[in-house]
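Note that my numbering numbers the sequence shown so that position 111 is 111, with each residue one more than the last. Data block below; observations after.
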Amino acid sequence: MDKFVVNIIHRPEMVPEYAEKVTGHGKEEDIGRKALLTESLDIFKTQQRLAHQNGLKTTIQMTYASLFNDEAVELAKADHEKYGDEIALSLLGLPCKEFREKYKTKDFCIWMFSMEDKKSIVDDVFEKFHERFGFYPESTGSYYMDADLTNYIKEKYPSVKCAVATCWEEGPKAYHTCNNSWYTLFDGGPWAPWIPSKQNTHAPAADESEDSGIVAIPHLSRDLLACYDGNGSNFGTHPQNVLRGMIYDSKTWEYPYLYNLIDQYRSLEKYNNGYAYNMMFVGPGWMNKMGRWEAPYELLEKSYSDGCAYYGKLKKEGKLVDMTMTEFADYYRQKKSYKEPECALWRDILYGSDKQVFWYTDPYMRACVNMDQGGAIVDLRPYAAKLEWPVGIGTPHVQDASYPFLIQEKYRAGYFTHYAGEGTVRSAKLTHNGEEVDLCLCRTKAHFSQEGNTRILTLNPVDIEFADLTVKLQTKIYFEEGASNIKMERTILEMSNPNAEVELNEYMVACYGTTEYPEDMTGITLACEGNETKTISYAYKCREESLEGAKAVSAVIPAIQTKVSLTSSSDAEGYIKEGYAFSPMFTLGYKKKVSDKEVFATWLNLEKAN
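Right, dumping it as structure tokens:
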């Protein structure tokens, strides 16, 4: 049965994280203060009531603090019995008197602790849950769960099937807009549910041997365009995100964007074999009456009530199925295979532009194609490497849990750069009589189709005008399931002079990193591979090599255990370029003369470099 599935998750957050330092006229909040605990529990009750009034079941993620509160425990038991809500366990909401006395810290993000403390905290929280409910939970979660943490939980508490495991694109863009006051960096993961690998939470498992044993869901369903271009905290199906983004009529308190966003998630079933997913996860801290947030309490409550009512309406119309997290994990494993990708052809619903992007993720990569840049790849994460990336105190990455990119237009410019250097992008250039046009300058639209196990993006043809020649070119992009590559096919549909030739230059400018700041590129080896092999060991010397009839042009990047290469469908000149300190990128490419009606295809291939 084709389904639009929603998970609605509530947590009785007795001590909201955000109450640690409240805007109460500069006075530090007493986290044991009775009024605060009472208000938090009242908000949780309100959320539960609004969901149940609309015929929706929830997943109640008990926090550590709530496990010490008899009323919270009894509320969870009662709603489980009456409404079928799942009683689960959150690894958020750790701060409370008992936690502080033992761990002597104000940290509360589980993935940032040392591995020793992670294990200790997990055992404390899970055993306290068992003490209160007589069983271990089947789902858990945090903003992010690193692979070592997930593997420990699954080994020690095998009942766990599902976890909230990342917050989509909660990286430098979100970090900047929180005034650099807290540090949670986890760009580069899937935006929709996936089965995480044992090696890296963000990289989906390719088979049973890599399966971490859980189904992961994102913390919030984000706007896949507005969130990528700007701050994700303003653009999600968390109603308070929409209010925070000021995306509502201040007089009528209406927010059509929220419903449009939910509907666009519903539409993703067209690209995913009849399946689409959405989630709503709002902690009580967002609905308190103390003036902490950007909207009055009445609007906060109205937005949540309206959100629940919309999901309830869809359910009554037979257009939605509400599931608990554990029910969803069982459904997902029955519905999806390991290598089946997640696809999203996404359009701008916030600003009313014509912009359109396509997102693709599978066990080997995450990629974003931007139709405003002629179908260029503007974000690429090489999951094929299954990069082990320990996170937390005592590791090389105390806060930065992001999966590294090869291409990222926000942190490495993309096509549109300043007077020197190049940004990261995978595109093509056409040259004729000394004139050059990059397809990044040719806005277009895409149509999605599927043939067997291959997903195809067919772009509308674009006209490229030179001084004495017009070329009509069409691009098709192929994502073959399980192939670990992206095929780009260019077809010359028409030329104003059928006897003319143009040079087609297929190129990829790339580097690696997780933030805007450059990494050390020494150690990277570039190669033209064919009847002979020409190599460049990266030393910022701006060198170039080329080879006629190259079988492949490649880069091996030891720092992220990745090999990336381009291959072509016919004889062409392959080339490699080393960058320099001011523009620390590398370029892989093919050049070929093409004429009317000719087709030229290239493949971008990803593999693990041991």
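For each residue, glycine too, the CB sits at the ideal point set by N, CA and C.
Are the Cβ atoms of residue i and residue j separated by less than 7 angstroms?
{"i": "residue 121", "j": "residue 85", "result": "no"}
{"i": "residue 381", "j": "residue 403", "result": "yes"}
{"i": "residue 197", "j": "residue 326", "result": "no"}
{"i": "residue 457", "j": "residue 358", "result": "yes"}
{"i": "residue 185", "j": "residue 408", "result": "no"}
{"i": "residue 538", "j": "residue 578", "result": "yes"}
{"i": "residue 523", "j": "residue 547", "result": "no"}
{"i": "residue 223", "j": "residue 261", "result": "yes"}
{"i": "residue 493", "j": "residue 432", "result": "no"}
{"i": "residue 502", "j": "residue 528", "result": "no"}
{"i": "residue 93", "j": "residue 39", "result": "no"}
{"i": "residue 137", "j": "residue 88", "result": "yes"}
{"i": "residue 225", "j": "residue 242", "result": "no"}
{"i": "residue 294", "j": "residue 192", "result": "no"}
{"i": "residue 66", "j": "residue 141", "result": "no"}
{"i": "residue 490", "j": "residue 475", "result": "yes"}
{"i": "residue 217", "j": "residue 164", "result": "yes"}
{"i": "residue 589", "j": "residue 506", "result": "yes"}
{"i": "residue 284", "j": "residue 43", "result": "yes"}
Report the rounded CA-to-CA distance for residue i versus residue j, giving the unit in angstroms.
{"i": "residue 23", "j": "residue 423", "result": "At residue 23, the pLDDT of 45 sits below 50, so the modelled position is not reliable; the number obtained from the coordinates is stated separately. Those two C-alpha atoms are separated by around 42 angstroms."}
{"i": "residue 266", "j": "residue 346", "result": "12 angstroms"}
{"i": "residue 53", "j": "residue 302", "result": "14 angstroms"}
{"i": "residue 315", "j": "residue 278", "result": "13 angstroms"}
{"i": "residue 56", "j": "residue 110", "result": "30 angstroms"}
{"i": "residue 565", "j": "residue 572", "result": "15 angstroms"}
{"i": "residue 1", "j": "residue 387", "result": "Reliability fails at residue 1, whose pLDDT of 47 lies under 50, so the model's placement of it is uncertain and no value is given."}
{"i": "residue 434", "j": "residue 533", "result": "30 angstroms"}
{"i": "residue 473", "j": "residue 464", "result": "8 angstroms"}
{"i": "residue 145", "j": "residue 329", "result": "17 angstroms"}
{"i": "residue 591", "j": "residue 313", "result": "55 angstroms"}
{"i": "residue 563", "j": "residue 585", "result": "15 angstroms"}
{"i": "residue 160", "j": "residue 235", "result": "30 angstroms"}
{"i": "residue 25", "j": "residue 171", "result": "Because the pLDDT of residue 25 is 45, which lies under 50, any placement of that residue in the model is unreliable, and the question is left without a value."}
{"i": "residue 406", "j": "residue 334", "result": "33 angstroms"}
{"i": "residue 323", "j": "residue 245", "result": "28 angstroms"}
{"i": "residue 106", "j": "residue 95", "result": "7 angstroms"}
{"i": "residue 143", "j": "residue 220", "result": "9 angstroms"}
{"i": "residue 609", "j": "residue 210", "result": "17 angstroms"}
{"i": "residue 541", "j": "residue 412", "result": "20 angstroms"}
{"i": "residue 377", "j": "residue 79", "result": "47 angstroms"}
{"i": "residue 484", "j": "residue 567", "result": "13 angstroms"}
{"i": "residue 319", "j": "residue 332", "result": "18 angstroms"}
{"i": "residue 569", "j": "residue 430", "result": "18 angstroms"}
{"i": "residue 361", "j": "residue 101", "result": "43 angstroms"}
{"i": "residue 308", "j": "residue 251", "result": "22 angstroms"}
{"i": "residue 179", "j": "residue 299", "result": "25 angstroms"}
{"i": "residue 451", "j": "residue 200", "result": "30 angstroms"}
{"i": "residue 606", "j": "residue 156", "result": "34 angstroms"}
{"i": "residue 391", "j": "residue 47", "result": "33 angstroms"}
{"i": "residue 543", "j": "residue 58", "result": "59 angstroms"}
{"i": "residue 593", "j": "residue 353", "result": "36 angstroms"}
Going by C-alpha distance, which of the options is nearest residue i?
{"i": "residue 268", "options": "458, 421, 344", "result": "344"}
{"i": "residue 440", "options": "58, 432, 428", "result": "428"}
{"i": "residue 558", "options": "399, 385, 398", "result": "385"}
{"i": "residue 158", "options": "117, 214, 200, 195", "result": "214"}
{"i": "residue 498", "options": "482, 595, 583", "result": "595"}
{"i": "residue 454", "options": "389, 272, 589, 413", "result": "272"}
{"i": "residue 114", "options": "48, 397, 304, 349", "result": "397"}
{"i": "residue 512", "options": "450, 544, 379", "result": "379"}
{"i": "residue 49", "options": "241, 10, 254", "result": "10"}
{"i": "residue 355", "options": "602, 375, 364, 362", "result": "375"}
{"i": "residue 187", "options": "560, 227, 168", "result": "168"}
{"i": "residue 437", "options": "452, 450, 415", "result": "415"}
{"i": "residue 134", "options": "77, 118, 97, 112", "result": "77"}
{"i": "residue 3", "options": "317, 150, 459, 500", "result": "317"}
Mind reading off the beta-carbon distance from residue i to residue j? Whole number of angstroms is fine, and I expect it under 8 angstroms.
{"i": "residue 321", "j": "residue 5", "result": "5 angstroms"}
{"i": "residue 509", "j": "residue 587", "result": "5 angstroms"}
{"i": "residue 310", "j": "residue 287", "result": "The pair is not a contact, with the Cβ atoms about 18 angstroms apart (cut-off 8 angstroms)."}
{"i": "residue 574", "j": "residue 555", "result": "The Cβ separation is near 12 angstroms, so there is no contact."}
{"i": "residue 240", "j": "residue 349", "result": "Contact flag wrong, Cβ pair sits at about 19 angstroms."}
{"i": "residue 486", "j": "residue 603", "result": "7 angstroms"}
Should residue i be listed as close to the ligand ATP, given that the test is whether its C-beta is under 6 angstroms from any heavy atom?
{"i": "residue 162", "result": "Of the ligands one can find in the structure shown there are none, so the ligand ATP has no counterpart to examine."}
### Query
For the segment 361-373 against the segment 444-455, are there 3 or more C-beta pairs whose distance is under 8 angstroms?
yes
### Task
Taking 8 angstroms as the threshold, find out whether the segment 203-211 comes into contact with the segment 330-338 through three or more Cβ pairs.
yes
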